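Count the sequence shown with our numbering and you get residues 1259 to 1528, in order. Note that the Cβ used here is the ideal one computed from N, Cα and C, for glycine as well. Since this is a predicted model, take the numbers as computed values, not measurements. Notes to accompany the following structure.
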Amino acid sequence: MQISDKKISVITVTKNSGKYIEKALSSVITQTYKNIELIVIDGCSTDNTLEIIRKYESNIDTWISEPDGGIAEAMNKGVELATGDYLVFINSDDYLLDDDVLQRASAHLQSNRDIYIFKVLFLYPDGRKASSLIYSFGILTNYKMGSCHQGQLISRDLLEELGKLDETLKINFDYDFILRAYRSGASSQSVDMTLSVMRQVGISSRRDWVGFKQRYDEERLVHFKNCPDYFWHVLYRLYWIIYIPYRYVRYGMIYLNSKYIKNKTIKSLQ
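Spelled out as structure tokens, the structure:
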């Protein structure tokens, strides 16, 4: 496929991410695809994050460090500064898969879709890796995002058309945007390749029930916020009556199974 000449803006938001941000920045700086701009939005870090940002300052197109109200607000600041045809959010805990990945991804931009959806590789603290599923827009988008923002190349025109990410949301602001995009008739294309690596260390990666419940509560809020009519309002009410108990039971089974495996492993080592 022919390589696109479209400009890609990589937006990295960070706060006190000295442990990981150097990997995030270097993964962008070493890309073989050169029509890239790197924008870094820092929320007034107090660790060594700013020291690392200044280390790579000559390779960063724009960076700011100022207070913000959370990840969505920081991302919105990045969007306002971006000049690329397509934008991707590679946060400080994440990094691009390899040096050629944007070169390969750019070859798909010729079809001028609003959003290109790529796979993301989940990296767990214990070293385990798992590939995400990807779905282009369809009926499932009414219920789940079906992708991660670390794997989405989003048209700047679409972001300008739909407006800012919802800064009142702490976790599901990306799904809120995707649902609005889907309902507006935006076009999408899923691409069977991995774009980035997402460390399972952030707020959206919590595996305890409190973390799950926080995500589900915001997901439910997104559903009802974007209800197009009474039919969907009723459908969502039925969905959530069933879904939360189902997830709670499933979480309990996963927890008990992991505890059993852990105890069995300990006994076998004794």
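Pair within 8 Å by beta-carbon distance, residue i and residue j
i, j, result
"I1297", "L1339", "yes"
"I1375", "V1455", "no"
"D1356", "S1323", "no"
"E1476", "I1412", "no"
"K1335", "E1295", "no"
"A1439", "L1423", "no"
"T1307", "I1279", "yes"
"F1482", "Y1474", "no"
"D1434", "H1407", "no"
"F1395", "S1446", "yes"
"Q1458", "Y1506", "no"
"D1263", "N1293", "yes"
"M1333", "V1271", "yes"
"S1369", "L1379", "no"
"I1392", "S1405", "yes"
"V1305", "G1328", "Just to set this straight, residue 1305 is Asp in the shown sequence, not Val. In this structure, G1328 does not lie closer than 8 Å to D1305 by Cβ."
Where residue i sits in the DSSP three-state scheme
i, result
"I1500", "helix"
"I1294", "strand"
"T1307", "helix"
"L1527", "Since pLDDT at L1527 reaches only 41, below the 50 mark, its modelled position is unreliable, and the value read off the structure follows with that caveat. Three-state DSSP puts L1527 in a helix."
"S1316", "helix"
"V1507", "helix"
"D1475", "helix"
"V1459", "coil"
"S1284", "helix"
"I1519", "The predicted model places I1519 with a pLDDT of 39, which falls under 50 and marks its position as unreliable, so this point remains unresolved."
"I1512", "Unreliable positioning characterises I1512 in this predicted model, as indicated by a pLDDT of 48, which lies under 50. The coordinate reading is nonetheless provided below. The answer is helix: DSSP assigns I1512 an H, G or I state."
Cβ separation of residue i and residue j, assumed to be a contact under 8 Å, to the nearest whole Å
i, j, result
"T1452", "K1402", "The Cβ separation is near 20 Å, so there is no contact."
"T1426", "D1358", "Their Cβ separation, rounded to whole angstroms, is 38 Å, which puts T1426 and D1358 out of contact at 8 Å."
"L1416", "D1384", "That belief does not hold up - the Cβ atoms of L1416 and D1384 are roughly 37 Å apart, past 8 Å."
"V1480", "L1437", "6 Å"
Checklist entry - Which ranges does the beta strand (DSSP E) cover as unbroken runs of at least 3 residues, wholly within the region 1370 to 1455, from first to last along the chain? => result Here the runs fully enclosed are 1373 to 1381, 1387 to 1389, 1410 to 1413.
Next on the checklist: Threshold first: 3 residues or longer. Then list the beta strand (DSSP E) segments lying entirely within the region 1330 to 1368, N to C.
Outcome noted: 1344 to 1347, 1352 to 1354
Checklist entry - Looking at C-beta atoms only, is the number of pairs between the region 1306 to 1313 and the region 1329 to 1345 that lie closer than 8 Å three or more? => result no
Item to check | Given 8 Å, three or more beta-carbon pairs between the region 1278 to 1287 and the region 1348 to 1367 | outcome: yes
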